[in-house]
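Going down the list, the sequences are from chains A and B.
To convert a position in the first sequence, counted from 1, into the working numbering, add 147.
To convert a position in the second sequence, counted from 1, into the working numbering, add 838.
Where is the CB? At the ideal position from N, CA and C, for every residue including glycine.
Below is one structure, written out as structure tokens, with a few remarks after it.
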Amino acid sequence: MSLADHPSAHADAPTSPAGVDLASRLRVWTTTVDHKRVGIMYVLMAVVFLVIGGVEAVAMRIQLWSSDLEVISPDVFNQLFTMHGTTMVFFVGMPILIGIGNYVVPLMIGARDMAFPRLNALGFWVTLFGGLLTYFSLATGGAPAIGWFAYAPLTETTFARSAAVDFWALGLIVAGIGTVTAAMNFVATILAMRAPGMTLNKIPFFTWTMLWTSVQILIAVPPLTAALVMVLFDRELGAHFFDVQNGGSALLWQHLFWFFGHPEVYILILPVFGMVSEIIPVFSRKVLFGYEFMAAATMAIAFISLGVWAHHMFAVGLSRQVDLFFIVASLLVSIPTGIKFFNWLATMFGGRIWFASPMLFCFGFLSMFLIGGLTGIMLALAPFDFQLTDSYFVVGHFHWVLIGGTLFGTFAGIHYWYPKVTGRMLSERLAHWQFWLLYIGFFVTFAPMHVAGMLGMPRRIFSYEPDRAWEIWNQLATIGALIQAPSYLIFVYNLVSSYRHGKIAGDDPWDAWTLEWTTSSPPPTYNFGTIPTVHSRRPLWDTKHPDDPDWQYE
Amino acid sequence: MSGVFASGNALLAAAAEEPWHELSIFEPASPGGAAIVRLALLVLAVAALIFLVVEGILFYTIARFRHRGGSSDTPPPEPPQVYGSNPIEIAWTVAPALIVFFLVLVSARTLWEVNAAPATSRNVIEPLTVTVVGRQWWWEYRYQSYDGRKLAFITANELHIPASSPERSRPTRLLLESADVVHSFWIPRLEGKVDLIPGRTNQLWLKTDVTGLFLGQCAEFCGTQHAHMLLRVVVDSPEDFDKWLAGQALPAVDDPQQAAGREAFLSESCVNCHRIRGTTARGNYAPDLTHLMSRQTLASGIIPLDETNLRRWIHNPHDIKPGCLMPAFGLSAEKEELIVQYLLSLK
């Protein structure tokens, strides 16, 4: 079956043979330019930061258990939510998706590596150092307490005297450089390194979404970098970009930040759309319904998302005409997103749905992401948003999208590709425990937040008044967080224990259809002995069904 | 809908046997708030419909097409492959587009109903105009004009506005500014929130027929004590409001019995930040204390204003509001007592 049978395949693969000492293994990992090793390191980095960000979240939930607790001081609480948001967006969300893309995209398109392997390694190390630099702010006596979107002028030296904000800004600039190099690499790889026969309209869907995510990164991250440089200029060189006393503009920061910040949420969801668009067909045993419409919808989301940033700013006092523009633009995103949703359902409809763990997480994604999308529609309607913005409703909404959407989808992807990466299957039993604890815990944590928000509870408060009837909703949320917490530990345990004891996977455990499943598990350093030639979007379907190949219908 | 949250809360509050305040956005007391609730109920209904249809299809599909039998480790055999259908794709592009179009129309209508300047007519009096200055972590209210009369006093943390009646509309126009960082003014039952941004002046119109106390708090993260920057809006009957205005316009009470306390206050650094009209205390960095005792709360709404709390506050504000910008001055017990008694006389 394997196109890459070669005696040395396993020796070069990420699983180093026993007997090699730690130092040389470390050297191999730290000097590698292999896209697979780089991808694995991205994902492991993200998992470590996921645990750190999770601990920060649980600490906040404990403080909010009741209205009179003083477990955590106000300043520390403010630092916790700043670092929780920064960590989850920049050092968990983006690295985990870029890491999975790094591993899978070259394999999917029949390439031997990314277009620029050394740039690829640079991107990872720079992202990691960005994360460390951001956390190095703790050495100044405390992390920054500015919120992850760091509204000016809270970031000016007047209000943030310690160097924490400087480390934070530098860390994000450095990590941003890593993200941009990764995006450039994806664009070059996907445009230039595809296997013979794989025209642009035949590339696997995950690859297509990584292409458009990369385009979004290239457009959205540089403005953030520029804005962070402006913050550093203000703080260190006496500039006044955001300093109102000296003719600067506090509002300017909000425009610059959200011009990055809104495409960012699609950067965090498009690759996940790609993953579930790979997994749902395989586990429904049916081809993806409406590939062309799905592809067009992806492009539409990538473009429209560049014009919706001010829906985060409805309360800053824009004119009604501007509000209306951003209502329309924001609602337009729901049309291509709806198209995707219906196509996934149509793919499942008439299929034979196989509930192995990747599909279980896809079910979590479908059933929960929908709700996040619907509360998103509510937030897009400016008048309703005047009430909801900056309340706990928003906190509920974006966690619903980022956990119900991004995280469930990413877990689906990790459960799907883990056998390829390690050669072993994850434990299905542990995966089921992880899934149900997460599914229930997630619901119990974030559903009550919507209610608290509608009852007038603003976000980012370390304490609340006892006379406002918010306590019960906060207690539910805290209970939910405690239900969720073990699911992440089970996940990490499953990753580690299955690596040693998991069932041997073989090349193609899911009977799937894209090129990564033609090579060995784990694949050799060079991925493919012979570069395959493809004729359709599902090359392995053609191989497995020579009597009824896909290219007849495309 | 509105009832669900309200009555749920009432039950919870009753169970806890604590005094309890309504802050639900679904209990509006103003035309703007009510317009938002109409829009909210509409979009909640639309969302509920979409939710039921799509989740219904999802669960039906899973129930009907879930593969049963066979080993759980091996993939099921393949059913007929369906690659797509243009008419179907067009149908589920057009349907959401129509919903979007409808939602744009209704939200545009609501957009022009909320935070709206009142139409000028004979039963609408000249608005009460108040400049609201957001400060870390309290609210300054500079009363400008009302009913065509000029006002010239400053107060803090408790905003009084007049109630309208069906015959006579008494709108309030808030000019929102910030002295430091971004804050946000949010009284859920009266209107949506509007930010106070340094270097800008935003505007918020309030109007309600309901008298009483309306609560809220700063909704934009503004530093250490963001959580304790509470908002209190007292809607008075027109008569009460006139009385309150007249009281606030007077200079501070000069009680001869408190001459020593007054002297103590004026000799300390209190005067660098606080103002008491009619004395030499002219600071403009901290709350105006001219009629301190006409307010019900201290420290931006977090504790009741009484002798004990006032003494605790002056002794060390950071015991009550850690990180607040007023330092503990380490006054002698005697001086502290004099100042407390003086402040208590500022009715």
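Extent of the continuous beta strand (DSSP E) to which residue i belongs
| i | result |
| --- | --- |
| Arg1149(B) | Taken as a continuous stretch (DSSP letters only), Arg1149(B) belongs to no beta strand (DSSP E), being part of the alpha helix (DSSP H) at 1145-1153. |
| Ala988(B) | Note that residue 988(B) is Lys in the sequence shown here, rather than Ala. It spans 987-994 - the beta strand (DSSP E) in which Lys988(B) sits, taken as one unbroken run. |
| Asn348(A) | Looking at the DSSP string, Asn348(A) is not in any beta strand (DSSP E), and its letter there is neither H nor E. |
| Trp1043(B) | 1040-1044 |
| Gln210(A) | No beta strand (DSSP E) holds Gln210(A); the alpha helix (DSSP H) holding it covers 182-210. |
| His1021(B) | 1021-1023 |
Delimiting residues of the alpha helix (DSSP H) encompassing residue i
| i | result |
| --- | --- |
| Asn953(B) | No alpha helix (DSSP H) holds Asn953(B); DSSP gives it neither H nor E. |
| Ser645(A) | 618-648 |
| Asp1078(B) | 1076-1087 |
| Asn332(A) | 311-339 |
| Ser983(B) | Run containing Ser983(B): none in the alpha helix (DSSP H); it sits in the beta strand (DSSP E), 976-984. |
| Gly588(A) | 575-601 |
| Ser431(A) | 417-431 |
| Val1032(B) | From DSSP, Val1032(B) is part of no alpha helix (DSSP H) but of the beta strand (DSSP E) over 1032-1034. |
| Val252(A) | 241-255 |
| Gly277(A) | 264-283 |
| Phe472(A) | 467-495 |
| Thr569(A) | 555-569 |
Member of the options whose CA lies at the smallest distance from the CA of residue i
| i | options | result |
| --- | --- | --- |
| Val419(A) | Asn674(A), Asn225(A), His648(A), Met241(A) | Met241(A) |
| Thr336(A) | Thr326(A), Met357(A), Ala297(A), Val321(A) | Met357(A) |
| Phe889(B) | Thr494(A), Ile524(A), Glu663(A), Gly246(A) | Ile524(A) |
| His1064(B) | Tyr981(B), Gly1161(B), Ile1114(B) | Gly1161(B) |
| Lys433(A) | Glu425(A), Arg647(A), Thr274(A) | Glu425(A) |
| Tyr565(A) | Ser667(A), Val198(A), Trp620(A), Ile608(A) | Ser667(A) |
| Gly289(A) | Arg259(A), His682(A), Arg308(A), Gly278(A) | Arg308(A) |
| Ser868(B) | Ser1007(B), Leu1169(B), Lys1173(B) | Ser1007(B) |
| Arg1038(B) | Phe531(A), Phe238(A), Val463(A) | Val463(A) |
| Gln631(A) | Trp580(A), Asp654(A), Glu701(A), Pro670(A) | Trp580(A) |
| Arg576(A) | His562(A), Val568(A), Gly570(A), Ile448(A) | His562(A) |
| Arg1027(B) | Leu1013(B), Gly1050(B), Arg1011(B), Asp1018(B) | Gly1050(B) |
| Ala886(B) | Ser634(A), Arg467(A), Gln534(A), Leu521(A) | Leu521(A) |
| Thr661(A) | Leu384(A), Val218(A), Arg684(A) | Arg684(A) |
| Asp1093(B) | Pro1000(B), Thr912(B), Leu1184(B), Pro915(B) | Leu1184(B) |
| Thr178(A) | Thr592(A), Arg265(A), Val412(A), Val591(A) | Arg265(A) |
| Phe333(A) | Thr326(A), Met345(A), Ser361(A), Ala316(A) | Ser361(A) |
| Thr912(B) | Asp689(A), Leu216(A), Ser466(A), Pro656(A) | Pro656(A) |
Counted within 10 angstroms of its Cβ, other Cβ atoms place residue i as buried (16 or more) or exposed
| i | result |
| --- | --- |
| Val1178(B) | buried |
| Asp694(A) | exposed |
| Phe224(A) | buried |
| Thr899(B) | buried |
| Trp272(A) | exposed |
| Val503(A) | The question names Val, yet the displayed sequence has Ala at residue 503(A). Counting Cβ neighbours within 10 Å, Ala503(A) comes out buried, since at least 16 surround it. |
Beta carbon of residue i nearer than 7 Å to that of residue j
| i | j | result |
| --- | --- | --- |
| Arg904(B) | Ile427(A) | no |
| Leu517(A) | Val1073(B) | no |
| Ile1035(B) | Leu1069(B) | no |
| Ala1090(B) | Thr1128(B) | yes |
| Val423(A) | Phe512(A) | yes |
| Pro679(A) | Gly248(A) | no |
| Pro613(A) | Ser220(A) | no |
| Val1048(B) | Asn1040(B) | no |
| Thr274(A) | Gly318(A) | no |
| Tyr646(A) | Gly600(A) | no |
| Leu997(B) | Tyr979(B) | yes |
| Leu658(A) | Pro605(A) | Leu is not the amino acid found at residue 658(A); the sequence shown has Asp there. In this structure, Pro605(A) does not lie closer than 7 Å to Asp658(A) by Cβ. |
| Phe864(B) | Val881(B) | no |
| Gly986(B) | Glu964(B) | yes |
Beta-carbon proximity list for residue i, same chain, < 7 Å, skipping 5 on both sides
| i | result |
| --- | --- |
| Ala616(A) | Leu602 |
| Trp711(A) | Outside the displayed span of chain A (148 to 701) sits residue 711(A), for which this structure offers no information. |
| Val480(A) | Ile448, Ile451, Ser452, Val455 |
Close Cβ partners of residue i (< 8 Å) along its chain, the five nearest in sequence each way excluded
| i | result |
| --- | --- |
| Trp176(A) | Arg184, Met188 |
| Gln622(A) | Trp212, Ser213 |
Same chain, Cβ closer than 6 Å to residue i, five either side skipped, listed in chain order
| i | result |
| --- | --- |
| Met572(A) | Pro566, Gly649, Lys650, Ala652 |
| Ala193(A) | Val239, Pro242, Ile243 |
| Pro343(A) | Thr680 |
| Gly437(A) | Asn490 |
| Pro686(A) | Leu662 |
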